[in-house]
Amino acid sequence: MSTSLAPPLAAWFEARGWTPLPFQNEVRERYRDGQSGLIHAATGSGKTLAAWGAVLDNALRSGRDATDEPLALWITPLRALAVDTTRALLEPVQDLDLAWRVERRTGDTAAAVKTRQRHALPTALVTTPESLSLLLTYPRTAEQLASLEAVVIDEWHELLGSKRGTLVQLALERLRAYSPALRVWGISATLGDLGEARDVLLGPGRDGALVEGPPARPLHLDTVVPDDVGRFPWAGHLGLHLAEAVADVVDEAASALVFVNTRAQAERWYQAMRFFRPDWGDALAIHHGALSRAQRRAVEAGIRDGAVRCAVCTSSLDLGVDFPPVDHVVQIGSAKGVARLLQRAGRSGHQPGRPARLTLVPTHAFELVEAEAARTAVAQGDLEQPRPPDLPLDVLIQHMVTVACGDGFTADGLYDEVRRTWAFRDLERDAFDGALDFAVRGGDALNAYEEYHRIVYFRDLYRAASSEAVRRHRMSIGVIVGDGHVDVKYVRGRKLGSVPESFLARLSRGDTFLLGGRALTLVRVRDMTAYVRRAAAGTPAVPRYAGGLLPLSRELATAVRDVLGDVAHGHPPDAPEIDALDRLFRLQQRWSTVPRADQTLIERTRTREGHHLFLYPFAGRLVHEGLAALVALRLARRQPVTFSLSATDYGLELLAADPVPLEPDTAAELFSPDHLEQDLHDALNESELARRQFREVARIGGLVFTGYPGSRTVRQLQASAGLIHDVLARHEPDHLLLAQARREVLERQLDRPRIADTLRAIQASSLLIIDTPRLTPFAFPILTNRLREKVSSEKARDRIKRLAAQLERAADR
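Next up, the structure:
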């Protein structure tokens, strides 16, 4: 295979003292041959240059170095990445003196720039999935993109498992209709099944290259191990108590990122770090998605130029925001997934030959087990693979209206087109026609309402019904649905960021809260804006954001079971994390047992609360929540009984007033995967869960118009979605979107496939049912999780401390 570069590009590399890496050469040659494919390489290994270098090289060879036609689209999952990506693409273009326009188009782009781009697209456009879909609603887009040669999808692993990825798949097929020879390349760093990831990107049956970069840099993974973790752990019992130790770790590095899993944690840890290192001043910063764009940009610039020594951040800095690698990454709490851990670790030590450095900080004693499990999983390369959605008809309906607003379509033509995507490869014509009928007239139940007549058949094509329908649709494009946010501004000053509506609803005038490390007092709320001033004193309330409880991934859960199995066999891993838990494991063995990997432990314990049944599949919180309801239902069918339920990543609890009827000879039926779907429906009030899920489906499918900026609150939108759900359930119970909502509850919220796998694993294992004299170290965190949900955090904390002290005294005796 030839590895020669076009002479101008070769000179550009030589001037920097660079030599293209073998995988970059392979991408360039495959691109030159007209191929599409997936680039998989570690963070910082040159993936961006591999893809962009291929585009540049081919343009220089084919005489398109002076083109004023659109040549390439670069799709990024985050608007924040678009700025840095544009800068990275523009650098070689300017150095090579190419007459190209490299621009970005996102929700942050000025209206005047968007208007100019609609008349003349740049040579290379950096955009997001939502902005790409919006571009397809303009009639001249087909003519403008006929010259398109390449589409690059950055951070494909971030899109693969979501409806945003489906939106990209549909848009790519539309672009192929404009430019049949289009090359499509994906870029990713952390994927478990590369073949599937490539096939989802390119569509089933399409050949494509799979180019892997150099092996990932070594990862030095260590842990802040507390002096005493105790024998009865509970969520949050460590955490901020280790803040000074974290400050000591950061002291040893010239620069660091401290990752947390939620925005609320970011606010708390920023305050804690500032308490222990007040002399750091502005060198300590905070970064998360609720802060204003200006504040985030200032922090990123500070990291880039060295003014910020340490940033406490969420996933807002997970991806490739352009700044030099830091010396050290700290992860507060478990990352709950191997891929997420590697993604964050990759932000450190990009220099060749230098290992990435990540320190884990447990907030719970069992996260020490996760730390050792993560170390093993990383060494074995066990990465998670996001599950791409199948047949999300709400996204298809939205895409139908998008295409109708643009060029229009024929039913047969669009059906064949969408069937070439992975998401809709199994789409039946009846389902397609049902989705089209819904876009045309709202189906049978909503036919009388004009606002649901979004598409008309006119002159042999389906087109947008009116200019008003086009405007409304452009306002609604996208599949990101979440809690509404309210802007936060000083009474006389700049915007600080935003907080969820649900949080603001709990505040009264004069209350204080934290945002961006500042204690703020609420003055008033007007026109979807909260006006504040700096708080003089008082204890701030911390905003609670959605998505705070990350579930343990399948791969990490398996690794946890393996570590515990080694402990059970008497051959624990030689690791400081496991050594720190020695007293806990010894007590667990004394009062119950530590199960082997081929065993399932069930503990039965009686307390003043009643009779407890604890089950330990170690399969993750989402699975355990569904499993707890399922087991409770099946036990109640044998004997009338009412349960209180609790679940964590490691196990689940059923609490009843009377003894729980469970014996080894009757357990096979209890843990059978047979009739799982119906039993989950009966156990979990699946219809109510589906009603909630319908809000997302209704929003994406265009049933609920979000309105013009500031015109409707999330509560109003939820009420509208609930009303429509009830109308459809009454008059059209088999409606395709109702069925989709039910399916998504089972497949994604409840993770039915993984529940079934867990049930089969329990059936195949040896079942250990042990009556324990008191709560064991394994049972304690599950019970305390239920206590924290029942009473206020302060009351729960006091009660948990007293209970732990009692159990510690019993253990000492």
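Adding 44 to a residue's 1-based position in the sequence shown gives its number in our numbering.
The beta carbon of each residue, even a glycine, is placed where N, CA and C say it ideally should be.
Per DSSP, cross-strand counterpart(s) of residue i
i: residue 188; result: The partner list for residue 188 (beta bridge, DSSP) is empty, contrary to what the question assumes.
i: residue 403; result: 266, 374
i: residue 529; result: 544
i: residue 81; result: 229, 253
i: residue 499; result: 508
i: residue 147; result: 169
i: residue 811; result: 644
i: residue 117; result: 169, 195
i: residue 182; result: In DSSP, residue 182 forms no bridge with anything.
i: residue 137; result: For residue 137, which the question treats as bridged, DSSP gives no partner whatsoever.
i: residue 574; result: 532, 569
i: residue 539; result: 533
i: residue 453; result: 506
Contacting residues, own chain, Cβ-Cβ under 7 Å from residue i (five flanking each side not counted)
i: residue 509; result: 497, 498, 499, 500
i: residue 471; result: 435, 462, 463
i: residue 286; result: 268, 270, 405
i: residue 447; result: 180, 218, 453, 458
i: residue 619; result: 416
i: residue 487; result: 481, 776, 779
i: residue 235; result: 84, 201, 241, 427, 429
i: residue 617; result: 416, 607, 610
i: residue 228; result: 80, 195, 216, 245, 246
i: residue 211; result: 173, 177, 439, 523
Neighbourhood of residue i by C-beta distance below 6 Å, restricted to the same chain and skipping five residues each side
i: residue 737; result: 785, 788, 789
i: residue 809; result: 642, 643, 644
i: residue 693; result: 596, 664, 665
i: residue 801; result: none
i: residue 668; result: 691, 696
i: residue 551; result: 566
i: residue 655; result: 700, 703, 704
i: residue 628; result: 275, 821
i: residue 383; result: 234, 427, 428
i: residue 98; result: 71, 72, 75
With 16 other Cβ atoms within 10 Å as the buried cut-off, status of residue i
i: residue 429; result: buried
i: residue 169; result: buried
i: residue 84; result: buried
i: residue 767; result: exposed
i: residue 502; result: exposed
i: residue 592; result: For residue 592, the pLDDT reaches just 47, beneath the cut-off of 50, and the residue's location in the model is therefore unreliable, leaving the point undetermined.
i: residue 156; result: exposed
i: residue 632; result: buried
i: residue 529; result: buried
i: residue 647; result: buried
i: residue 615; result: exposed
i: residue 45; result: Caution is warranted here: a pLDDT of 43 is assigned to residue 45, below 50, making its placement in the model unreliable, and the coordinate value is therefore given only provisionally. With fewer than 16 other Cβ atoms within 10 Å, it is exposed.
i: residue 456; result: exposed
i: residue 493; result: exposed
i: residue 626; result: exposed
i: residue 651; result: exposed
i: residue 719; result: exposed
i: residue 243; result: buried
i: residue 338; result: exposed
Distance between beta carbons of residue j and residue i, contact taken as under 8 Å
i: residue 200; j: residue 175; result: Between residue 175 and residue 200 the Cβ distance is about 17 Å, and since that is not below 8 Å, they are no contact.
i: residue 489; j: residue 740; result: Their Cβ separation, rounded to whole angstroms, is 19 Å, which puts residue 489 and residue 740 out of contact at 8 Å.
i: residue 659; j: residue 414; result: About 19 Å; that fails the 8 Å criterion.
i: residue 374; j: residue 319; result: No, residue 374 and residue 319 are not in contact; Cβ-Cβ is about 17 Å, not under 8 Å.
i: residue 794; j: residue 670; result: 5 Å
i: residue 475; j: residue 505; result: Between residue 505 and residue 475 the Cβ distance is about 21 Å, and since that is not below 8 Å, they are no contact.
Sequence-distant residues of the same chain with beta carbon closer than 8 Å to residue i, five excluded per side
i: residue 190; result: 222, 223
i: residue 533; result: 539, 540, 573, 574, 575, 576
i: residue 353; result: 294, 298, 299, 300, 324, 327, 328
i: residue 917; result: Because the chain here runs from 45 to 857, residue 917 falls outside it and cannot be looked at.
i: residue 755; result: Per-residue confidence for residue 755 stands at a pLDDT of 49, beneath the threshold of 50, marking its modelled position as unreliable; the derived number appears in the next sentence. Nothing listed; no residue qualifies.
3-residue-minimum beta strand (DSSP E) runs that sit fully inside the segment 595–655, ordered along the chain: The segment 595–655 contains, as complete beta strand (DSSP E) runs of 3+ residues, the segments 643–651 (chain order).
Start-end ranges of the alpha helix (DSSP H) lying completely within the segment 293–360, minimum 4 residues: 307–320, 337–349
Ordered list of beta strand (DSSP E) runs contained in the segment 655–700, each at least 3 residues: 688–691, 696–700
Contiguous alpha helix (DSSP H) assignments of at least 4 residues, all confined to the segment 720–744: 720–727
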